[in-house]
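If you want the working numbering, it's the position in the sequence shown, counting the first as 1, plus 446.
We put the CB at the ideal spot given by N, CA and C, even for glycine.
No experiment lies behind these values; they were computed from the predicted model shown.
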Amino acid sequence: FNSMSSGQLSTPSIVAKWEIPLSDGVYTVEFEHGTASGTRAIFINGKCIRRQEFKFALIGEEHFKVGSEAHCTVQIKTVSSMDYGYFLLVNGLPFEQFLANQAKQLKCWILPVDGESLRVVLRLDSMEVYSNGEQLDSMGEFTDEGSETHFELRGTPCMIRVTNSATSAAGRRKLLKYTMYYGNNEVPEAAVDQMNIWDAHW
């Protein structure tokens, strides 16, 4: 679970917070648990999607959906006689394992366009391209070096080029390099859980 200082909490009763990176956006999930009142509440991007008052059982599970892809479960467990732990499962996986899988399945770039931060995501399983949650029309083609996926952002031609960058240490598979271009400008790759250009990991 995510342990947080009081300065990170939206309200004093928010006990856990997670950032869930999906192809259609990064979702902020907060969980409220009133151990005295028994209240449980789930917030997604600041909006309360469920609130239950007077839950007599202080431990248990809460199930909900995030975006179009993620089925989530918050598990409430006792970690000591006085403390509770909050654990998130996403599509049946512990949160940390889900994050590791997303890093392998998605490529992400963030760039400023017309004063707005655009998050571009490429799904490696389908080669679909998303921008700020919307799937874009795209066209793929093979090249001598690999492949290219073409699309537009606000009328500007863009491309994601896939090339062989190296061979793995075991020599069994080739490592692929994914490079995005906005017009003729290369865009730095971002972490999958990066939300905007000001939350930079590079």
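- Beta-carbon to beta-carbon, F510 and I495 are separated by about 6 angstroms, close enough to satisfy the 8 angstroms threshold.
- Rounded to whole angstroms, the Cβ separation of S577 and H596 is 14 angstroms, and the two are not in contact under 8 angstroms.
- Note on the segment 521-592: whole alpha helix (DSSP H) runs with a minimum of 4 residues are 541-551, in chain order.
- Residue environment: L621 is assigned as exposed (fewer than 16 neighbouring CB atoms within 10 Å of its CB, all protein chains considered).
- When secondary structure is reduced to three states using DSSP, P634 falls in the coil class, being assigned neither helix nor strand.
- Annotated three-state conformation of A462 is strand, per DSSP.
- Per DSSP, the beta bridge partners of M605 are H596 and Y627.
- E478 sits in a strand when the DSSP states are folded into three classes.
- Under a 10 Å Cβ-count criterion, A516 is classified as buried, with 16 or more other Cβ atoms of the shown protein chains found around its own Cβ.
- Taking a C-beta distance under 8 angstroms as the contact criterion, I556 and N642 qualify as a contact pair.
- Distance check between G480 and each of K463, C518, Y530 and L568 places Y530 closest, using alpha-carbon atoms only.
- Segment contact: the segment 483-494 against the segment 588-606, fewer than three CB-CB distances shorter than 8 angstroms; contact not assigned.
- Distance from the CA atom of T524 to the CA atom of S611, rounded to whole angstroms, is 48 angstroms.
- In the DSSP annotation of this structure, Q640 is not part of any beta strand (DSSP E), being labelled neither H nor E.
- For N610, the secondary structure class from DSSP, reduced to helix, strand or coil, is strand.
- In the structure shown, A503 adopts coil according to DSSP, grouped into three states.
- The beta carbon of S459 lies closer than 6 angstroms to those of E478 and G480 in the same chain, with the five residues before and after it left out.
- The residues V575, Y576 and F597, in chain order, have a CB closer than 7 angstroms to that of L582 in the same chain once the five nearest residues on each side in sequence are set aside.
- As DSSP reads the structure, E515 sits in no beta bridge.
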